[in-house]
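> Chains as they are written, first to last, in the working numbering: chain A, 1 to 353; chain B, 1 to 341; chain C, 1 to 114; chain D, 1 to 634.
Glycine included, each C-beta is placed from N, C-alpha and C at the ideal position.
Note that the coordinates shown come from a computational prediction; the quantities given were computed from them, not determined experimentally.
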Amino acid sequence: MILEGKKAVWKDYQKEIAEDKYYYVRSCVRQNFFPGSETAFLKIMREELNKDVYEHPCHTSCTGIGYHSDIVPVETTMTVVARQFALMTEAGYENLMPSCITSFGLYTEILDTWHHFPEVEEKVRRQLKKATGREFKKPKNLAHSSDVIFKFRKEIGAKAKYKLINKETGEPLKVVDHIGCHYAKMFPSKGVGGAEYPYVLTGMIEEWGGQIIDYPERRHCCGFGFRQYLVQANRGFSVACSKEKFESMKPFKPDMIITNCPGCPMFLDRWQYVINEMEGKRYGQNGEGIPVFTYEEVAGLVLGYDPWELGLQMHQTDCEPVLNKIGTDYSPEDKYNLDISPSYSKKHNLINV
Amino acid sequence: MGKHVVVIGGGVAGLEVAGQLSKVGIEVSLIEKDSNTGGHLNKWYKLFPDRRKSSEVMEYLNGITVNKGINLMTDTSIEMFNRKRDHFSIVTSGGKELIADAVIVATGFDLFKSARKEEYGYGIYDNVITSADLEEMFRKGEISLTNNTIPEKIGIIHCVGSRDEKVGNFYCSKLCCVTAVKQAIEIREFLPESKVFCFYMDMRMGGALYEELYREAQEQWGVSFIRGKVSEASETIDNQLLIKVEDTLAGRPLKMKLDLLVLMAGMEMSEGGKKIAGIGGLRTGENRFFAATDNHFGSNKSDIEGVFYAGTCTAPMNITETISHARAAAIEVIDYLKCSN
Amino acid sequence: MDKFGFTISTGRQIDYESNDRRIAEYIFEREPSFRLCIECGGCSATCTTGNFTDFSLRELNILIKRGENEQVREKLNKCMLCGKCTLVCPRGVNTRNIVVLAKKAFQKSDEYAI
Amino acid sequence: MNMQFDPFVIPFNIGLYFILIYVVTRSVIWFRDLSKPDKLRLQRGFFGLAFGLSLKEIFMESLLHRKILKTNFRLGYMHMSLAFGWFLLILFGTIEADIFGSKHLNAPYKAIFFRFFNPHHGRMGFEAAYGFLMDLILAFILSGLVLAVTKRFYSKVVGMKKTTRLKITDKIALTSLWLIFPSRLLAESFTSGAYGTGSFLTGSLGAWLATFLPAQQMAYPFWWLYSISLGTFFILLPITRYMHIPTELFLIFMRNSGIKTGDQAGTYSEVQTYSCSSCGICIDACQLNFSAGITNIQSAYLMKAIRNNDDVSGIADNCLMCGRCDQKCPVGIELSPLRMIQRRGGEAENDIRNIYKGYFRSRQTIISEKAIGPSNYNFLPEPDQEKTDILYFAGCMTHLTPTIKNSMIKILDDSGVKYSFMDEQGGVCCGRPLMLAGQDKEARELINFNSQMIWKSGAHTLVTSCPICYKVFKESYYLDVEVLHHTQFIKRLIDEGSVKMNFLRKKVVYHSPCELGRGSGIYDEPKDVLHHVSRLEKCNFEDENSLCCGGSLANMKISSQNKKKIAFDAVNELTKNNPDILATACPLCKKTFSAVTETRVADISEIVAEALITKSVKKNSASHTSSIKQLANI
């Protein structure tokens, strides 16, 4: 591996990321997959980085899942997205920051479509007006929330309580980054580092002391693929995709996996359990699985947040190995009896959910 | 007849045409951007189809140019050139102005920058090289990996930067297939223990003796040809290259580990050529090469009277064709100079 | 597994490393013209057996070379050895011998794993 | 003085009694292994005409070597002088011993070493005359021996291009054989020299030797040498090619008793294998040898490989099965059938060659699928064929030469017979190619399929255009219909007058296809037809001696380049006095030849169709309309 080569590629794929005043749109599925992530993100943005992040209560799904499952026609999707833009415009924000990779991909795709086919945009504007009476401005800047964390990785690194380093050996943790397909595969120029050698997560990990490992099936999809997962009969294919990745990364002995997509952590995490149930295979070291994190969770960990506050107990593949390696101080016994009494919240200065 | 012709580019075409013109007593200035003439020929070890040393061709070209009263200007590029009534004024990088009765553009080609096919990881993975790099190894007389071991399984990918809309090249570079076959054979000669696999979209063995070479590669050297475009390469933990391709003839995807991956870089309009096109206002085609006035009987003529093309600045050509094209250019020029009297 | 109502699907991918190409090697050794096939499909087009079923010598050739032996095994036995393929082959591949050798190779591999 | 015994005769006696016992045991084993009917045949033969015939043949072939004499005089003379000469020597020697010996009916050695035991014998009169005869015979043998020795080192002497290579035991046996007669000569000469006896050869040589050598002392060691070389030769005989000397007698007798080579290894195939004297005539006859330069697979080598229990598959598969060697073999061994047996056998495991194996080799049992793997034709449809009188089967190869097919349709339509085209849409292979690959069981499946088609059609005649199909239809299908090659069928139409044709002023040379000519013995009909329509010319390779086109399906191993070489040489021979048309009667020959010559190559059916005077076509054929269609797109 020649790092200079990669750096050269990364240079070609810089993207503009807004400084402040973000209009944050949540993901549909992350709320119940790993609810801690978005909470932690907001806390980091607001409290650690003091940024203005606005959430609109009327925000809805972007229908991405429906769109990619071929059950919502693109025009409908566009109109729904137009409404999101309208809400943002009304709120007086211009920097759209979706939490979901698929939403990000979808917004990018739609904006690109409108750029090439203005008449479509016009039609959508008319439809939105007719349906809701709303009007919208297109976002000035569109960045995925992982882009933003990437932008401020140094600031976070400066505040970091822990580093992604094995405190026994002093070795950097070996980290596998997994980028959601819709992040850059459709529009390489819209992703930090492009589609072939994405830098967005790599940047964070390097900054926070970890070491990224590059393995053959890096590009491979986690297997969510909407239709593949949603239809039970197709799940065999879905899990096979994850398995392909695990088999390929195993020899590199990764300590953890970091992801920037709602679906990927879910499937990379849960499928490890399923594969183990079906074939008795585990891919981590000494008989464990490979812990899977979202980038917000990792950021939270390095900033020293309480793992259970980050919702790591929601992971099916235990995260403790990593916690122990980086030396997080946590109370194992609290894992499943987390009492969210105001007192506890005070003690752990929990932001009000 | 005391005419003066400026030839831009000292590659095969430039040298040939310069030689031909000086033969009939025309004063020739040959402008070469590099410090020595010969262009890509210098990089190549042996040539298809007969695997003769490229130096032999170089000897021939020197034979018709060296000490033939040609005014050779190396390390020189063109800053300006425009038509003044019946002649051309050319300003070189040295600030020198040349007055010419005719100009021959022989700016040749550049090899496709293989790093642009990111998925093959040229410049990123240790043991991904281009056809040119391989020739370099041949000239050094040793094929080895970055860890100085000898490769056992070598893959050759055809059509890198050719027939590929993704990199904006729709055209076929025409020489890569036969180069691949030639290099496959040479690899087997160097490394009798090695296995060589060629991944092709079509085998375009158009030229004389190409097919015979292809057959030899299969029969005598046991080179395997697999039909399918490699989609991606990645490095394994033991520093091998894992490639993914569809074996289109088996109708199945195929996964294979290789020690060395050779990319058959295609031909593109040279940077120098683009510059000339800009300052000289010369028309280029969709393939970005210079556009001649007629595909059949005007392949040396530009839209500007007195400006002619020679060689691969108009389209991918092998050396044989380049030399013929250059000779044709010489005839066109002589003809033009006669009439312009 | 019933527990999940689905099983992990296996891919169609040819894994060159894990495939066993000894059958191919056996043939290469004894019939060098096997290397000359350019997969033109002339043999399959004229094939007497191909007239009745999906048997294709071209396909067979490539499957042998890739080491997809189990598929080859059952297809192989459909050949009638009539020799039309040999007559139409533009590259002079001794197609009949390939089939005969492949059969022998399988026989051997069954007896004492070549 | 008259000795009765001397120790030097012991080696000879051992050898003699050993070989006698061996041959007897061996023949008992052979007889035991015979199938019941063959046993009967043999017994009937023994008390029948066959016995007489055999004696005659043994005399003509085993002793005089008439056939070899015919094909190659010098080689024949060599074999004759040794075989016949030795026979006479023994015969007259015994008589001599009986007449002049001290008493009658002596042990064999008395006859062989007569001179030693009766040194004074043969001084004058009738004795001398008899001695002269004996010397004459000895001289006769020695002359042959000289040829044999020179052949070894320079085979051109006996007019042969190739001579067989030998294995070590052969070499020893050969030397001992060579030593026998010179040593006898010297032994007798010295004795004669010492006692002043002997005739023109031994006498004079002995006298001369005696002038400068102590003849008395010299004689004895040579008698030893003579005895030893005889003994060695006899003992080695069974594991060398010289086993052919006794075996050939069995072969001749069995053949005359009407025993045939089956498709399994058995007594008869083994007897034939051992009857091969490796004379090498088959090597000269083989086109793989003189056109393609393949010189290690000819029948002589096959026979030897089998005798040595070598793995023969490499040899067995690399043969055109043109049958030229069968025709030429002086011993009349059925070489092609023997080769087929080996093909069915596949790759035999190489046998450890201990002496016992050499003397009593285990016979390779043959199971087709074991060697080659099973086939599976369950994809074939339900056979179904409309009713008709005459059934036309073009065959796979003919489908690749549509002009032949179309010509036949034209002729059939014009002849007015009621026919149906069996494999119009491309049928099932006849099965012969599988058989040639040694896969009889698989072939059976195809044969059954086609047989049912034929039976369903209720036809009384089956016409085929391809000699390969013809041979298998004729020999391996058990049909109650008459099978004709189209040349025979056309001949019949001409004789019946049901087709009329012009005489084409064209010079034609006929190439007789292997499977049709040597394979099925059809030589005349094709030529008659050609005579009828064109100027048929002679060529150097007619009938039994005709060449193979090289395209034969029978050779599994041959490369396309070598096929071309053979075709090229054959064509050059056939087109020597440049004919207008090179006629053949096999689609495969046509295809092979057309690839290598400028001369027009045409199947007889094409020439006939060309010369045909078409009548107003009657509607009489089921496949008539479609056949017109085919005519249209020639």
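Run down chain C in chain order and give the residues with a C-beta less than 7 Å from the C-beta of D/LEU380.
Within the fourth sequence, the letter at position 380 stands for residue 380 of chain D. Residues of chain C passing the Cβ test: PHE52.
> By DSSP, does D/TYR220 sit in helix, in strand, or in coil?
Residue numbering aside, residue 220 of chain D sits at position 220 when the fourth sequence is read from its first letter. The answer is helix: DSSP assigns D/TYR220 an H, G or I state.
> Is it the case that the Cβ atoms of C/ASN19 and C/GLU74 are separated by a distance below 8 Å?
Residue 19 of chain C sits at position 19 when you count from the first residue of the third sequence. Residue 74 of chain C sits at position 74 when you count from the first residue of the third sequence. Going by C-beta atoms, C/ASN19 is not nearer than 8 Å to C/GLU74.
> Just the chain D side, please: which residues come within less than 8 Å of C/LYS84 by C-beta, in chain order?
Sequence index remark: in the third sequence, residue 84 of chain C carries index 84 (1-based). Per Cβ cutoff of 8 Å: CYS396, MET397, HIS399, LEU400.
> Could you pull out every unbroken alpha helix (DSSP H) segment of at least 4 residues lying fully inside the segment 206-276 of chain B, listed in chain order?
210-219
> Determine the DSSP secondary structure at B/CYS159, reduced to helix, strand or coil.
By one-based count along the second sequence, residue 159 of chain B stands at place 159. If DSSP states are grouped into helix, strand and coil, B/CYS159 belongs with the strands.
> Distance cutoff 8 Å, beta carbons only. Does C/ILE14 sit that close to anything in chain B?
Stepping through the third sequence from its first residue, residue 14 of chain C is reached at position 14. Answer yes: the Cβ-Cβ gap between C/ILE14 and chain B drops below 8 Å somewhere.
> The beta strand (DSSP E) spanning D/HIS511 covers which residue range?
Counting from 1 along the fourth sequence, the entry for residue 511 of chain D is found at position 511. It spans 507-511 - the beta strand (DSSP E) in which D/HIS511 sits, taken as one unbroken run.
> Report the residue from B/LYS153, B/LEU175, B/TYR309 whose alpha carbon sits nearest the alpha carbon of B/GLY298.
Taking the second sequence and counting its residues from 1, the one referred to as residue 298 of chain B is at position 298. The residue with the shortest Cα to Cα distance from B/GLY298 is B/TYR309.
> Quick check on the burial criterion: 16 or more other C-beta atoms within 10 angstroms. Buried or exposed for D/THR614?
One-based indexing of the fourth sequence puts residue 614 of chain D at position 614. The residue in question, D/THR614, is exposed, as its Cβ has fewer than 16 Cβ neighbours within 10 Å.
> Identify, in the order they occur along the chain, each residue of the same chain with its Cβ nearer than 6 Å to the Cβ of B/ARG116, setting aside the five sequence neighbours on each side.
Along the second sequence, read from residue 1 onward, the residue named residue 116 of chain B stands at position 116. The answer, listed in chain order, is VAL167.
> Using 7 Å as the cut-off, classify the Cβ of A/GLN84 as near or not near the heavy atoms of the ligand PLP, replying yes or no.
For the ligand PLP, the structure offers nothing, since it holds no ligand at all.
> Does the distance from the CB of A/LEU111 to the CB of A/LYS140 come in under 8 Å?
Residue numbering aside, residue 111 of chain A sits at position 111 when the first sequence is read from its first letter. Residue numbering aside, residue 140 of chain A sits at position 140 when the first sequence is read from its first letter. No; because the gap between Cβ atoms is not below 8 Å, this pair is not in contact.
> Check the C-beta distance from D/MET397 over to D/SER552 and give it rounded, since I have them as a contact under 8 Å.
Residue numbering aside, residue 397 of chain D sits at position 397 when the fourth sequence is read from its first letter. Residue numbering aside, residue 552 of chain D sits at position 552 when the fourth sequence is read from its first letter. Going by Cβ atoms, the distance from D/MET397 to D/SER552 rounds to 11 Å, so no, they are not a contact pair.
> What is the DSSP secondary structure of D/ASP170, reduced to helix, strand or coil?
Indexing the fourth sequence from 1 puts residue 170 of chain D at position 170. Reduced to three states, the DSSP call for D/ASP170 is helix.
> For a test of the three-state rule: what should DSSP assign to A/GLN14, helix, strand or coil?
In the first sequence, the residue the question calls residue 14 of chain A occupies position 14. A/GLN14 falls in the coil class under three-state DSSP.
> Quick one: residues in its chain with C-beta nearer than 6 Å to the C-beta of C/ASN97, no 5 flanking neighbours on either side, listed in chain order?
In the third sequence, counting from the first residue as 1, residue 97 of chain C sits at position 97. Only GLU31 meet the Cβ criterion.
> With which residues is B/LEU30 paired in a DSSP beta bridge?
Locating residue 30 of chain B in the second sequence gives position 30, counting from the first residue. DSSP output for B/LEU30 lists B/VAL7, B/LEU72 as bridge partner(s).
> In chain order, what residues of the same chain lie with their CB nearer than 6 Å to the CB of D/LEU574, ignoring the 5 residues before and after it?
Within the fourth sequence, residue 574 of chain D is the residue found at index 574, counting from 1. Around D/LEU574: VAL509, HIS511, CYS539, LEU582.
> DSSP on A/ASP52, reduced to helix/strand/coil?
To locate residue 52 of chain A, count along the first sequence from 1; it is residue 52. Coil at A/ASP52, not helix or strand.
> May I ask you to report which of helix, strand or coil DSSP gives B/SER340?
Your numbering for residue 340 of chain B matches position 340 in the second sequence. Note: B/SER340 maps to coil in three-state DSSP.
> Answer with buried or exposed for D/PRO214, where buried requires no fewer than 16 other C-beta atoms within 10 angstroms of its C-beta.
In the fourth sequence, the residue the question calls residue 214 of chain D occupies position 214. The residue is exposed, with fewer than 16 neighbouring Cβ atoms inside 10 Å.
> When burial is assigned at 16 or more other CB atoms within 10 Å of the CB, is D/VAL483 buried or exposed?
Here residue 483 of chain D refers to the residue found at position 483 of the fourth sequence. D/VAL483 is buried by the Cβ-count criterion.
> Tell me which same chain residues have a C-beta within less than 7 Å of the C-beta of B/VAL12, skipping the five on either side of it?
Counting from one through the second sequence, the residue named residue 12 of chain B turns up at place 12. Answer for B/VAL12: GLY39, LEU41, LEU61, GLY311, ILE319, THR322, ILE323, listed in chain order.
> Looking at the secondary structure, which residues open and close the beta strand (DSSP E) in which D/TYR274 lies?
As a first step, residue 274 of chain D must be located in the fourth sequence, where it is residue number 274. Premise fails: D/TYR274 lies in the alpha helix (DSSP H), 267-275, not in any beta strand (DSSP E).
> Spatial neighbours of D/VAL428 within its chain, please: C-beta separation below 7 Å, excluding the five flanking residues on both sides.
As a working mapping, residue 428 of chain D is identified with position 428 in the fourth sequence. Only LEU380, LEU446, PHE449, ASN450 meet the Cβ criterion.
> Got a sec? Which residues, its chain only, sit under 6 Å from D/ASP580 by beta carbon, not counting five neighbours each side?
Your numbering for residue 580 of chain D matches position 580 in the fourth sequence. Correct list, in chain order: LYS506, LYS507.
> At a Cβ threshold of 8 Å, is D/ALA437 touching chain C?
Translated into the one-based positions of the fourth sequence, residue 437 of chain D becomes position 437. Yes, because at least one Cβ of chain C sits closer than 8 Å to the Cβ of D/ALA437.
> By a C-beta neighbour count over all protein chains shown, 10 Å radius and 16 as the cutoff for buried, is D/HIS460 buried or exposed?
Indexing the fourth sequence from 1 puts residue 460 of chain D at position 460. Answer is exposed; the Cβ neighbour count stays below 16.
> Under the assumption that A/SER146 contacts A/VAL25 (Cβ atoms under 8 Å), give the Cβ distance between them as a whole number of angstroms.
As a working note, residue 146 of chain A is residue 146 in the first sequence. As a working note, residue 25 of chain A is residue 25 in the first sequence. Rounded to whole angstroms, the Cβ separation of A/SER146 and A/VAL25 is 14 Å, and the two are not in contact under 8 Å.
> Using a threshold of 8 Å, state whether the C-beta atoms of A/ILE257 and A/VAL292 are closer than that.
In the first sequence, residue 257 of chain A corresponds to position 257, counting from 1. In the first sequence, residue 292 of chain A corresponds to position 292, counting from 1. Yes; because the gap between Cβ atoms is below 8 Å, this pair is in contact.
> What is the C-beta distance between A/SER242 and A/CYS222, in whole angstroms, given that I count them as a contact (C-beta under 8 Å)?
Here the question's residue 242 of chain A lines up with position 242 in the first sequence. Here the question's residue 222 of chain A lines up with position 222 in the first sequence. Between A/CYS222 and A/SER242 the Cβ distance is about 6 Å, and since that is below 8 Å, they are a contact.
> For D/PHE116 and D/TRP223, which I take to be in contact (beta-carbon distance under 8 Å), what is that distance rounded to the nearest angstrom?
Mapped onto the fourth sequence, residue 116 of chain D falls at position 116. Mapped onto the fourth sequence, residue 223 of chain D falls at position 223. Contact holds; Cβ gap of about 5 Å.
> Would you call the segment 62-74 of chain B and the segment 246-257 of chain B touching, i.e. three or more CB-CB distances under 8 Å?
no
> Closer than 8 Å, CB to CB, is D/ASN318 near chain C or not?
As a working note, residue 318 of chain D is residue 318 in the fourth sequence. No, because no Cβ of chain C sits closer than 8 Å to the Cβ of D/ASN318.
> Any residues in the segment 251-267 of chain B with a beta carbon nearer than 9 Å to a beta carbon of chain C? Which ones, in chain order?
GLY251, ARG252, PRO253, LEU254, LYS255, MET256, LYS257
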